[in-house]
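Enquirer: The C-terminal residue of the sequence shown carries number 650 in UniProt numbering, and the numbering is unbroken.
Positions of the beta carbon are idealized from the N, C-alpha and C atoms, including for glycine.
The model shown is predicted, which means the values in this text are computed figures rather than measured ones.
Here it is: the structure, laid out below.
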Amino acid sequence: MADGVASTARPITRTTADGGRACDRCRRMRRRCQYEDVATSCVLCHFARVDCTKILDPPPRPGTKKRKATEGGARATSEMSVEPAAVRTLPGMQTGVAAPEHVDDSLGLIFNQFSELYGLSSDMEPILMRHRPYHPAHHEFRMETHAIRRVLARDNGVEYPLTFHMVSDTKAIGHDQDAYFSDAIEQCVQPHGPRLVDLFFRIAHPSYPVLDRERFLGEYNKSYKHVLPALLGAVYLLALNWFNYDRELWIRSKPDTAPLRKLVIEAVQNSYHRPKLSCVQAMLLFLQCKPEDPLNPDHTYARSCTSQLLVVGEALGLHLDAEGWSIPAWEKKLRKRLSWALFMQDKWTAAAHGRPSHIHYDDWAVRDITLDDLLENNAQAIATEEGSTNVWQGLTEYREMVKLSQITADILHGFYTVRSSVEQETVKLYLTALPVLGKLDGWYAELPDELRMEASGMRLLSPNGYLHLSYFGTRMTLLRRIIRSTALPPVCRDTRVLTESRDLARRTADAAIDFVVNLRADHLEAFWYFTTPFIFSLIGSFVTLLLVTARSESERAHWREKLNRYLWSLRLMGNASEPMRYAGNRLEGAILRGLEHALAVDVGPSRAPTRAASPEITFEDLGSDFGLEGFDFLQGMHIDWSLVMPEQPN
């Protein structure tokens, strides 16, 4: 199975070590001790690296008078050190450990219940739903085993209600594993949990607001066990990217992410048996974490995670418009943010992996997102501490990323579906692409000043990089479709279309490389969307496509030089940027290596190069800032151009 999916559990041969009595830690968690082989420490204590003791008195039998509060307080001091009662609270938190109630009539974030949408074609006939006696206050028809909740009297304006199946968490598979996952995940980062949560909301959340900050912090402050284990682990895992941005953590050793990553994956899979908005939040955050091996990326697993995520989102009704539902206002906002996060995840995963998109507009009723949907009650209270992300800048960026993703979706539908990809007539593709290019350029021109790459804040991280990189990714995705067609029959004889399309591609590639080379440290250290490594790699692939489809020797020399310098830029800047390092390794180790077989390229040992001349066209030198004019990665590649391209018209 994929990394992190394999179970971390060990083979268990017995349940108690002596006399059937559980250890102190397992009794507090109301679990049976489990031992491996001849071990003297139970599995849970062994994993938590604590002594497996049996010192405390056995619990009182049923009917015994409860212990006094003072005795209970003393007992609490012997609890394992990962309980957050001993650590500082975060802004906006409240003290107390009582279990959450049915807060604000929430639908998707009830502490001890989960909900699933009744679909129109299911055996729960919507017409029959009209005749149930729903409670006038909470809109539920309750039975012994479950309840039916009506959130809208007229579904999509039709005379039948929109309803959800409501069930207790205890009836779901794997519910009893939450305590194990919570403690194991907390143990991975102990005692840094609260500081990692603080880092998450300072840096990642403003640019990717898929949580409700106030409610997450409120539950987390009561106990980390009040947060879905999968979500807790995903927040920790993502926040570890900025471990050194905390004044106390940067002098400490960073926790190992490998065991945490495995636990998060297992906890996410376990949570899918009881779908909640927190399940969706957990997987969305997990998918933003760094990719794996660039030469053997686990695309199928990553895509399957997105597909599972979409299934859970549909069960929660995230493909529907919740504006008129009988749910709290904060949940309506959160649902819209999550809906569009799912939309973006689907479209960009489809683009990055070359797979069909799963979300189609026929089954999508979510309204466009607004800044009001992104604002939270305490948004102004979020610290603009040194090394944080500007809140307003991040929220505006998220809104614009949604708009850009809608254009990306149009491109995937119009140019990359199984049916639309058959068209290879360059002129037709070019004419079809022009209105989309106009829409894309119009979006870019209307970006507010605070989202320009030149914008910066005093000792603040600038999250604008991933938005602009995504713009170049979208533009290249459209233009590569046209350029690709020029290398395929029927041969295009329209020199005007050939010239204009290649000019558009040249300007896009030049601007994209300029963008990468000019990234500042405050850009590189900010939050970057999960497609970042792919788009960095796509720039090199796009330049290579222009190289092998060049219409003259001088143009080939130009693109050879551009690709050479882009690889150098990735190598140099990769020391400060893991996505760039990923892209450089993928280009040199996978994409360009394929040229030996596909394009009759002989990759020989590197040798001292000479700079390629371009007498007919003058372009800026992107490598001059690094003093690398003489180095040529591609000098050893000998390409038989007659095998690459059909004869082009002059």
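Where do the N-terminal and C-terminal ends of the beta strand (DSSP E) with Glu140 fall, by residue?
Expert: If you number the sequence shown from 1, residue 140 lands on position 140. Segment Glu140 to Arg142, the beta strand (DSSP E) holding Glu140.
Enquirer: Quick one, which of Met166, Trp340 and Leu199 has its alpha-carbon nearest Gly313's?
Expert: Position 313 of the sequence shown, counted from the start, is the residue given in the question as residue 313. Considering only alpha carbons, the answer is Trp340.
Enquirer: Opposite Ile148 in the DSSP bridges: which residues?
Expert: What you label residue 148 is simply residue 148 of the sequence shown in a count that begins at 1. The partner list for Ile148 (beta bridge, DSSP) reads Phe141 and His165.
Enquirer: Does the region 250 to 266 touch the region 198 to 217, meaning 3 or more C-beta pairs lie closer than 8 Å?
Expert: No, they do not touch.
Enquirer: What is the DSSP secondary structure of Glu116, reduced to helix, strand or coil?
Expert: Residue 116 sits at position 116 when you count from the first residue of the sequence shown. Glu116 falls in the strand class under three-state DSSP.
Enquirer: Taking Gly157 as part of the alpha helix (DSSP H), name the residues at either end of that continuous run.
Expert: In the sequence shown, counting from the first residue as 1, residue 157 sits at position 157. Note, Gly157: premise wrong, no alpha helix (DSSP H); not H, not E.
Enquirer: Along the chain, where does the alpha helix (DSSP H) that runs through Val427 open and close?
Expert: In the sequence shown, counting from the first residue as 1, residue 427 sits at position 427. Thr426 to Ala445 is the extent of the alpha helix (DSSP H) around Val427.
Enquirer: If we ignore side chains and look at the alpha-carbon of each, how far apart do Asp169 and Trp528 end up?
Expert: Here the question's residue 169 lines up with position 169 in the sequence shown. Here the question's residue 528 lines up with position 528 in the sequence shown. Looking at the two C-alpha atoms, the distance is approximately 35 Å.
Enquirer: Once the 5 residues before and after Thr549 are set aside, which same chain residues still bring their CB inside 7 Å of it?
Expert: Along the sequence shown, read from residue 1 onward, the residue named residue 549 stands at position 549. These residues qualify, in order along the chain: Ile483, Thr486, Ala487 and Met645.
Enquirer: From this set, Arg274, Leu431 and Ala204, which residue's C-alpha is nearest Lys171's C-alpha?
Expert: Numbered from its first residue, the sequence shown carries residue 171 at position 171. When only C-alpha atoms are compared, the closest one is Arg274.
Enquirer: For the pair the region 579 to 589 and the region 283 to 300, tell me if three or more CB-CB distances fall below 8 Å.
Expert: The region 579 to 589 vs the region 283 to 300: in contact.
Enquirer: Taking one C-beta from the region 298 to 305 and one from the region 347 to 360 each time, how about it: are there three or more such pairs within less than 8 Å?
Expert: As far as the Cβ criterion goes, the region 298 to 305 touches the region 347 to 360, which means the pair count is three or higher.
Enquirer: Could you tell me if Lys262 is buried or exposed, where buried requires 16 or more neighbouring beta carbons within 10 angstroms of its beta carbon?
Expert: For the purposes of this step, residue 262 is taken as the residue at position 262 of the sequence shown. Counting Cβ neighbours within 10 Å, Lys262 comes out buried, since at least 16 surround it.
Enquirer: Would you please state the rounded distance, in angstroms, between the beta carbons of Met166 and Ala147? I believe it to be under 8 Å.
Expert: Here residue 166 refers to the residue found at position 166 of the sequence shown. Here residue 147 refers to the residue found at position 147 of the sequence shown. Between Ala147 and Met166 the Cβ distance is about 4 Å, and since that is below 8 Å, they are a contact.
Enquirer: Would you please state the rounded distance, in angstroms, between the beta carbons of Ser207 and Tyr398? I believe it to be under 8 Å.
Expert: One-based indexing of the sequence shown puts residue 207 at position 207. One-based indexing of the sequence shown puts residue 398 at position 398. Rounded, the Cβ-Cβ distance is 6 Å, consistent with contact.
Enquirer: Taking the alpha-carbon positions, what's the Asn390 to Val210 distance?
Expert: Residue numbering aside, residue 390 sits at position 390 when the sequence shown is read from its first letter. Residue numbering aside, residue 210 sits at position 210 when the sequence shown is read from its first letter. When rounded, the distance between both Cα atoms is 16 Å.
Enquirer: What residue from Gln393, Val418, Cys26 and Lys254 has the CA that sits closest to His192's CA?
Expert: Counted from its first residue, the sequence shown places residue 192 at position 192. With distances taken between Cα atoms, His192 lies closest to Lys254.
Enquirer: Enumerate in chain order the residues of its own chain whose CB-to-CB distance from Ser421 is below 6 Å, with the five nearest sequence positions on each side excluded.
Expert: In the sequence shown, counting from the first residue as 1, residue 421 sits at position 421. Once the five neighbours on either side are set aside, Ser421 has no close Cβ partner at all.
Enquirer: Compute the minimum distance between the beta carbon of Pro463 and the heavy atoms of the ligand MN, and state whether it is under 7 Å.
Expert: This structure does not include the ligand MN; it has no bound ligands of any sort.
Enquirer: What do you reckon, are the CB atoms on residue 651 and Arg149 nearer than 8 Å?
Expert: With the chain covering 1 to 650 only, the question about residue 651 has no answer from this structure.
Enquirer: Report yes if the CB atom of Met453 is closer than 8 Å to the CB atom of Asn464, and no otherwise.
Expert: Taking the first residue of the sequence shown as 1, we reach residue 453 at position 453. Taking the first residue of the sequence shown as 1, we reach residue 464 at position 464. In contact: Met453 and Asn464 (Cβ atoms closer than 8 Å).
Enquirer: Can Val235 and Val280 be called in contact, C-beta distance under 8 Å?
Expert: Translated into the one-based positions of the sequence shown, residue 235 becomes position 235. Translated into the one-based positions of the sequence shown, residue 280 becomes position 280. No, they are not a contact pair.
Enquirer: I'd like the list of long-range same chain contacts for Leu547, defined as Cβ closer than 7 Å, with 5 residues on each side in sequence excluded.
Expert: For the purposes of this step, residue 547 is identified with residue 547 of the sequence shown, where counting begins at 1. Excluding sequence neighbours, Leu547 sits near Arg556, Trp559, Arg560 and Leu563.
Enquirer: Leaving out the 5 sequence neighbours to the left and right, which residues in its chain are closer than 6 Å to Arg132 when beta-carbon positions are compared?
Expert: Translated into positions along the sequence shown, residue 132 becomes position 132. Within the same chain, Arg132 has close Cβ partners Phe141.
Enquirer: Thr306 and Thr349: beta carbons closer than 8 Å?
Expert: Within the sequence shown, numbered from 1, the residue matching residue 306 stands at position 306. Within the sequence shown, numbered from 1, the residue matching residue 349 stands at position 349. Their beta carbons are under 8 Å apart, which means Thr306 touches Thr349 by this criterion.
Enquirer: By Cβ distance below 6 Å, which residues in the same chain neighbour Leu162 in space, the five residues on each side in sequence not counted?
Expert: Stepping through the sequence shown from its first residue, residue 162 is reached at position 162. Hits under 6 Å: Val151, Leu152 and Asp155.
Enquirer: Please work out which residues of its chain come closer than 8 Å, Cβ to Cβ, to Ile407, disregarding the five sequence neighbours upstream and downstream, and give them in chain order.
Expert: For the purposes of this step, residue 407 is identified with residue 407 of the sequence shown, where counting begins at 1. Here the set comprises Val436, Lys439, Leu440, Trp443 and Thr474.
Enquirer: Cα separation between Leu318 and Ser405?
Expert: In the sequence shown, the residue the question calls residue 318 occupies position 318. In the sequence shown, the residue the question calls residue 405 occupies position 405. Near 17 Å, if we compare the C-alpha coordinates of Ser405 and Leu318.
Enquirer: Quick check: the Cα distance between Ser552 and Ala590, rounded to an integer number of angstroms?
Expert: On the sequence shown, residue 552 is found 552 positions in, with the first residue counted as 1. On the sequence shown, residue 590 is found 590 positions in, with the first residue counted as 1. Distance between the alpha carbons of Ser552 and Ala590 is about 27 Å.
Enquirer: If you count every other CB in all the chains shown that lies within 10 Å of the CB of Gly233, and 16 or more means buried, which is it?
Expert: Here residue 233 refers to the residue found at position 233 of the sequence shown. Per the 10 Å Cβ criterion, buried.
Enquirer: Pick helix, strand or coil for Leu461, following the three-state DSSP scheme.
Expert: For the purposes of this step, residue 461 is taken as residue 461 along the sequence shown, with counting starting at 1. Note: Leu461 maps to strand in three-state DSSP.
Enquirer: Going by Cα to Cα distance, which pick from Asp183, Lys276 and Arg581 is closest to Ser537?
Expert: Along the sequence shown, read from residue 1 onward, the residue named residue 537 stands at position 537. The candidate whose alpha carbon is nearest that of Ser537 is Arg581.
Enquirer: I need the boundaries of the alpha helix (DSSP H) containing Ala352, first residue and last residue.
Expert: Position 352 of the sequence shown, counted from the start, is the residue given in the question as residue 352. Start and end: Ala329 to His353.
Enquirer: Give a yes or no on whether the C-beta atoms belonging to Leu260 and Val189 are separated by under 8 Å.
Expert: For the purposes of this step, residue 260 is taken as residue 260 along the sequence shown, with counting starting at 1. For the purposes of this step, residue 189 is taken as residue 189 along the sequence shown, with counting starting at 1. Result yes, Cβ atoms of Leu260 and Val189 sit closer than 8 Å.
Enquirer: Quick one: is Thr53 buried, meaning 16 or more other Cβ sit within 10 Å of its Cβ, or exposed?
Expert: For the purposes of this step, residue 53 is taken as residue 53 along the sequence shown, with counting starting at 1. Looking at its Cβ environment, which holds fewer than 16 other Cβ atoms inside 10 Å, Thr53 is exposed.
Enquirer: Do Asp321 and Ala365 have their C-beta atoms within less than 8 Å of each other?
Expert: On the sequence shown, position 321 is the one that residue 321 refers to. On the sequence shown, position 365 is the one that residue 365 refers to. Yes. Within cutoff.
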